[in-house]
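For reference, the structure is listed below as structure tokens.
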DNA sequence: GAGTTCGGTGAACGAGTGTTCGCTGAATGC
DNA sequence: GCATTCAGCGAACACTCGTTCACCGAACTC
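Protein chains in written order, with the working numbering: chain A, 359 to 580; chain B, 359 to 580.
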């Protein structure tokens, strides 16, 4: 309890989606959340493969044995964290594209949304950065799958965008992967930068995205 | 010894640079290499923060205490591995740009060189992927510093490239970072892909780099 | 109200850990 | 030849670790 710097401000405070009836269930969910939050906090300065069951239960205020009532593995817990980490991103990207279709505006808003997300959920993003190529295969695969879904979603959105509507599906997918990759890299760079570096990173990525957009406008003409 | 899948084909076989006179020195260097190679092998399936001193010395055929004759920390060993990992890349990028200046050709050759490098030194690249955002700060910083040097080098090369010679230094740096990031991501994707996926990844990245190049050709015109 | 379910506990298991210590013996400097 | 250096060793210290076990007691079912 003394080792946790952050009181784990339950990042998804909504108790609505699956409160499930029963005091029993609620208490179990609370313990589960405590484990997840404790792990997330510890993972800010550590790898998943360096994390220990005892360490997590200690931070969560459970006994070591209690862990196994919720997860078989730390890897299993890790996969859940991956899903939580990226769940919000999907609704965010849709929100960005919901407005106007001006590419320049889209770019600015995308960067703003990413910066805000990084500022709000740094722990989740740090975790993703660490485990995207980390030592636990199942977690790595979960991240890859989630990012692929993300690229797919963006490719679908590009299909209704004037500049890219006429492209082949493969080319749209290629462009979507380019954008996703740039944004992921940006998020990861932002998360371990201090305040002044962040402004520079945001400026750079805006320019880079504009350059990519410029390239895609001249694509078919080549 | 039984747990090492790879007999660690000393990636830098040159005994010339610093053989230093003396049997003593040579034996010490051999042990040091054994430690580095053993660690690199173990890190193919593990994080640096999950690695143990005893584990490394066991794989290297030393006693645990022997480790401390060479490194104070596993982190220190990790930093050395980072430097070795990226040392070759610098000479490679110069080799690519030494030839003709045709952008399309440069792109094709860059992708080829990366693919070849990944095929030849997968362990080093896997290690870089893991530790670029891993749990050990000193190693993370070493990777970041090395990649920054890399971007700087590329920016210098862009200064003598016809399309970008007239750009501002900041814009060239921006473009260099975009290229470096794309290539790093590609290398990391290649390293955990199987043979058929690799062809697809190479094709995609070629297209993406062409699109970026197209954008940079129209940049000043915007 | 009686009986069942089940999340959480504390103790215990064997195994593995980082690091330090004094020692050895071959390579060195003279 | 002799004294010195020092890479490597085995043993030991004092941990931490993952996982299992029987058990408790509050929440549930009926």
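Note that CB positions come from ideal geometry on N, CA and C, so glycine has one too.
Between the C-alpha atoms of residue i and residue j, what's the straight-line distance to the nearest angstrom?
i: residue 515 of chain B; j: residue 563 of chain A; result: 21 Å
i: residue 466 of chain B; j: residue 459 of chain B; result: 12 Å
i: residue 414 of chain A; j: residue 501 of chain A; result: 22 Å
i: residue 506 of chain A; j: residue 444 of chain A; result: 11 Å
i: residue 464 of chain B; j: residue 474 of chain B; result: 15 Å
i: residue 543 of chain A; j: residue 384 of chain B; result: 42 Å
i: residue 551 of chain A; j: residue 558 of chain A; result: 10 Å
i: residue 485 of chain B; j: residue 448 of chain B; result: 18 Å
i: residue 549 of chain A; j: residue 490 of chain B; result: 13 Å
i: residue 328 of chain A; j: residue 574 of chain A; result: The displayed coordinates of chain A run from 359 to 580. Any statement about residue 328 of chain A would go beyond what the structure contains.
i: residue 461 of chain A; j: residue 571 of chain A; result: 8 Å
i: residue 536 of chain B; j: residue 566 of chain A; result: 7 Å
i: residue 513 of chain A; j: residue 453 of chain A; result: 15 Å
i: residue 508 of chain A; j: residue 541 of chain A; result: 11 Å
i: residue 480 of chain B; j: residue 395 of chain B; result: 13 Å
i: residue 440 of chain B; j: residue 497 of chain B; result: 7 Å
i: residue 569 of chain B; j: residue 411 of chain A; result: 47 Å
i: residue 531 of chain A; j: residue 560 of chain B; result: 14 Å
i: residue 423 of chain B; j: residue 470 of chain A; result: 52 Å
i: residue 436 of chain A; j: residue 393 of chain A; result: 11 Å
i: residue 482 of chain A; j: residue 398 of chain A; result: 7 Å
i: residue 455 of chain B; j: residue 527 of chain B; result: 19 Å
i: residue 438 of chain B; j: residue 402 of chain A; result: 24 Å
i: residue 430 of chain B; j: residue 451 of chain A; result: 46 Å
i: residue 388 of chain B; j: residue 478 of chain B; result: 22 Å
i: residue 493 of chain B; j: residue 555 of chain A; result: 21 Å
i: residue 488 of chain B; j: residue 405 of chain B; result: 7 Å
i: residue 534 of chain B; j: residue 522 of chain A; result: 26 Å
Residues of chain A with CB closer than 9 Å to the CB of residue i, please, in chain order.
i: residue 570 of chain B; result: 536, 566, 569, 570, 573
i: residue 475 of chain B; result: Correct list: empty, because the minimum Cβ distance to chain A is about 17 Å.
Can you list the residues of chain A that residue i reaches, using a CB-CB cut of under 8 Å?
i: residue 546 of chain B; result: 491
i: residue 506 of chain B; result: Result: empty, since nearest Cβ-Cβ is about 11 Å, beyond 8 Å.
i: residue 543 of chain B; result: 539, 543
Which residues in chain A have a C-beta closer than 7 Å to the C-beta of residue i? List them in chain order.
i: residue 407 of chain B; result: 404, 405, 407, 408
How far does the alpha helix (DSSP H) with residue i in it reach, from first residue to last?
i: residue 544 of chain A; result: 527–549
i: residue 586 of chain A; result: A query on residue 586 of chain A cannot be resolved here, the shown segment of chain A reaching from 359 to 580 and no further.
Name the chain B residues whose beta carbon is nearer than 7 Å to that of residue i?
i: residue 532 of chain A; result: 562, 565, 566
i: residue 488 of chain A; result: 491, 492, 493
With H, G and I counted as helix, E and B as strand and the rest as coil, what does DSSP make of residue i?
i: residue 513 of chain B; result: helix
i: residue 521 of chain B; result: coil
i: residue 501 of chain A; result: helix
i: residue 494 of chain A; result: coil
i: residue 578 of chain A; result: coil
i: residue 362 of chain A; result: Any answer about residue 362 of chain A is weak, because its pLDDT of 38 lies below 50 and its placement is not dependable; what the coordinates show is given next. Coil at residue 362 of chain A, not helix or strand.
i: residue 367 of chain A; result: Per-residue confidence for residue 367 of chain A stands at a pLDDT of 43, beneath the threshold of 50, marking its modelled position as unreliable; no derived number is given.
Whose Cβ in chain B lies nearer than 8 Å to the Cβ of residue i?
i: residue 577 of chain A; result: 569, 572
Original post:
At what residue ranges does the segment 369–438 of chain A contain a whole run of the beta strand (DSSP E), taking only runs of 3 or more?
Top reply: Counting only runs of 3 or more, we get nothing.
**OP:** Scan the segment 444–480 of chain B and note each continuous beta strand (DSSP E) run of 3 residues or more that stays entirely inside, going in chain order.
**Re:** Listed in chain order, nothing qualifies, since the segment 444–480 of chain B has no complete beta strand (DSSP E) run of 3 or more residues.
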